[in-house]
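Structure first, then comments.
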Amino acid sequence: MVYITEFPVFLLSVLLISLSGVLMPGPLFALTIKKASTSKISGILIALGHGIVEFPLMILIFFVLSQFTIPAMVQIGIGLIGGALMVFMGIQSFQGRHNQKEIQTGPMRDSVFAGIYTTAVNAGFILWWLTVGTALILNAKLFGLLGFSIFAGVHWLVDFAWYAAVAFLIFKSQRFWNDRVRFGITVFCSAVFIGFGFYFMGSAVWSLLV
C-alpha cells in the first residue's frame with residue numbers, strides 16, 4: 018500500500034473522504050432530518066452520540082495496529098478492499114439518487130442515545146472502519162500518536178459540523194433540502210469516493226509491482 022507521507026496532504030484526503038462519507042444519505046442523516054423538525058440542536062446531540070461509538074472504535078483499531086506488525090499483503094488487501102468499497106459506495110449513491118427513503122430508527126427519546134444506537138447498529142459504519150477507515154489509520158500511524166489524534170479529531174469534527182448545520186438549517190427552513198441541493202451533494206460525494214477508491218486500489222496494485 019502506497020502511503021501519503023506529507024501530513025497536510027494526508028489531512029486533506031481525510032477531510033474530503035470524511036466529508037463525502039457524512040454527506041451520503043444514511044441512517045444518521047435520516048435521523049438528523051427527523052429530529053431537526055423539532056430541535057435545532059438535534060444534530061449536535063446526534064453527532065455527540067455518534068462520537069461516543071466512533072472514538073473508541075478508532076482508538077481500538079489504532080492500538081491494535083500499533084501492537085502488531087501488519088504484513089504487507091494484509092495492508093495491500095485492506096487497500097484493495099477499502100478502495101473497492103469506496104468505488105461501490107460512490108456508484109451506488111449516484112444510482113440511487115432518485116430513490117432515497119427515510120430510514121426507520123425506532124422509538125428513541127434522546128438524540129444522544131439515538132446517535133449512539135443508530136451508529137452501533139449500522140453495519141455499513143462498521144464495514145467502513147474495517148476497510149477504508151483502517152487504511153486511513155494505517156496512514157495516520159506514520160505520523161505517530163499526535164498525527165492519529167489530529168486525524169481522529171478532524172474526522173469527527175466533519176461529522177459534528179455537518180449534522181449540526183443540517184439540523185439547524187432544516188429547523189429554520191424546511192425548503193432547504195430541495196432536489197437541486199440533494200443532486201449536487203450526491204454528485205460531489207460520488208466523485209470523491211470513486212476517485213479516492215481508485216487511488217487506494219491503484220496504490221495497492223503498485224505496491225504489488227514494486
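In this text, residue positions in the sequence shown follow our numbering: the first is 18, and each later residue adds one.
All C-beta atoms in this analysis are idealised placements derived from N, C-alpha and C, irrespective of residue type, glycine included.
Our two residues, I108 and G164, have alpha carbons roughly 31 angstroms apart in a direct line. If you compare the alpha carbons of I61, L225, V198 and L155 with that of A169, the shortest gap goes to L155. Judged by DSSP in its simplified three-state form, Y20 adopts coil rather than helix or strand. Assigned with DSSP and collapsed to three states, D127 falls in coil, not helix or strand. At a cut-off of 4 residues, the continuous stretches assigned as alpha helix (DSSP H) that sit fully inside the segment 49-113 are 59-84 and 89-112.
Note that the C-beta distance between S56 and L62 is below 9 angstroms. Secondary structure of S190 (DSSP, three-state): coil.
A contact between stretches requires three or more CB pairs, one per stretch, nearer than 8 angstroms, and the segment 179-186 fails this requirement with the segment 77-92. F200 is classed as exposed because its beta carbon has fewer than 16 other beta carbons within 10 Å across all chains shown.
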